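Enquirer: One structure, pasted below without further comment.
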Amino acid sequence: MENKNICQSCSMPIALDHVKGSEKDGTKSTNYCIYCYENGAFKDPQITLGQMISSVEKQMEKMNLPGKLIEASISKIPKLNRWRI
Ligand SMILES: [Zn+2]
């Protein structure tokens with residue numbers, strides 16, 4: 000399972016610097032995207048795994064992405080570091 004270079008919260012690709020989240024000291028996060036993580040903290044700390052999955056699904060549907068791609072992406076989310084307990 001190749002989970003490198005994707006956000007460890009929402010599974011979005013974070014290969015490019017401008018979509019990487021930021022740490023408290025202003026450096027780029029290597030683990031989370033800009034939508035999930037800013038200044039060293041999650042933007043939405045209360046969100047549950049189920050809510051994350053449905054919000055990613057909705058977001059990708061809005062972008063008219065193919066259903067197979069959406070399914071592949073959301074199936075990765077429960078395995079990401081943020082959701083592994
Ligand atoms: Zn993210």
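The sequence shown runs contiguously to residue 84 in numbering that gives the first Met the number 0.
Each residue gets a CB set at the ideal place from its N, CA and C atoms; glycine is no exception.
Please read these numbers as outputs of a predicted model, since none were measured by experiment.
Are there 16 or more other CB atoms within 10 angstroms of the CB of residue 67, so buried, or fewer, so exposed?
Expert: Residue 67 should be labelled exposed.
Enquirer: Rounded to a whole number of angstroms, what is the C-alpha to C-alpha distance between residue 35 and residue 8?
Expert: Going by the C-alpha atoms only, they are around 7 Å apart.
Enquirer: Which residues does DSSP pair with residue 21 in a beta bridge?
Expert: According to DSSP, which records beta bridges pairwise, residue 21 is partnered with 27.
Enquirer: Relative to the C-alpha of residue 24, which residue among 70, 16, 37 and 18 is closest?
Expert: Nearest C-alpha to residue 24: 37.
Enquirer: Using the beta-carbon of each residue, find all residues closer than 7 Å to any heavy atom of ligand 2 and list them in chain order.
Expert: With respect to ligand 2, the structure shown offers nothing to examine, as its ligands consist of ligand 1.
Enquirer: Give me, in chain order, the residues of the same chain whose beta-carbon lies closer than 8 Å to that of residue 48; leave out the 5 immediate sequence neighbours on both sides.
Expert: If we look at residue 48 and ignore the five residues flanking it on each side, its Cβ neighbours are 76, 77 and 82.
Enquirer: Find out if the Cβ-Cβ distance for the pair residue 14, residue 4 is shorter than 8 Å.
Expert: Taking 8 Å as the Cβ cut-off, residue 14 and residue 4 qualify as a contacting pair.
Enquirer: How many angstroms separate the CA atom of residue 85 from the CA atom of residue 19?
Expert: The structure shown does not extend to residue 85, since the chain is modelled only from 0 to 84, so the question has no answer here.
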